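For reference, the structure is listed below as structure tokens.
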Amino acid sequence: MRQIDRLHYMDSLRATAMFLGLVLHGSVVFAQWSVDFLRVQDEPSVYVRLFPELVHVFRMQLFFLVAGFFSMVVCQKRGIKSYAINRFKRIFVPFILCVLFL
Numbered sequence: 063m064r065q066i067d068r069l070h071y072m073d074s075l076r077a078t079a080m081f082l083g084l085v086l087h088g089s090v091v092f093a094q095w096s097v098d099f100l101r102v103q104d105e106p107s108v109y110v111r112l113f114p115e116l117v118h119v120f121r122m123q124l125f126f127l128v129a130g131f132f133s134m135v136v137c138q139k140r141g142i143k144s145y146a147i148n149r150f151k152r153i154f155v156p157f158i159l160c161v162l163f164l
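Under the numbering used here, the sequence shown has 110 at position 48, and the numbering climbs by one with no breaks.
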């Protein structure tokens, strides 16, 4: 079995950002601007209203930061050419297939 060096703190950071995404999207039901048939109560708590806004400020930027960090790690480990080929296969090829067949 191959030993894989993991950065567990970065995995935890990414998992926390994903969990905050669940909280953010789940709180849309309580938002003042939500669709009327989804609204559970007319006057939600100030915390229910402000916490998702606080999370929304940094969550996606955090994902980009983590992705950039891991991109640099992969580039240093495998080289820029290997990284570019891998990204091309994983992003561009499915994109073209979806454009053609959807």
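Glycine included, C-beta positions come from ideal geometry on N, C-alpha and C.
As the structure is a prediction and not an experimental result, all values here were calculated from the model.
Quick one: give me the first and last residue of the alpha helix (DSSP H) that V119 is part of. 108-140
Buried or exposed for S133, please, with buried defined as at least 16 other CB atoms from any protein chain shown within 10 angstroms of its CB. exposed
Specify, as a first and last residue, the run of the alpha helix (DSSP H) that F154 falls within. From DSSP, F154 is part of no alpha helix (DSSP H); its letter is neither H nor E.
Pairwise C-alpha distance: H87 and S107: 17 Å
Quick one, are the C-beta atoms of L164 and V128 less than 8 Å apart? no
For A77 versus F125, is the C-beta spacing smaller than 8 Å? no
Continuous alpha helix (DSSP H) stretch holding R76: start and end: 70-88
Counting only the same chain and skipping the five closest in sequence on each side, list residues whose C-beta sits under 8 Å from that of M72. V128, F131, F132
CA-to-CA distance, H118 to V135, given in whole angstroms: 27 Å
If I measure Cβ to Cβ from L116 and keep anything under 6 Å in the same chain, skipping five residues before and after, which residues do I get? none
Return the CA-CA distance between C160 and R111, expressed in angstroms with no decimal places. 37 Å
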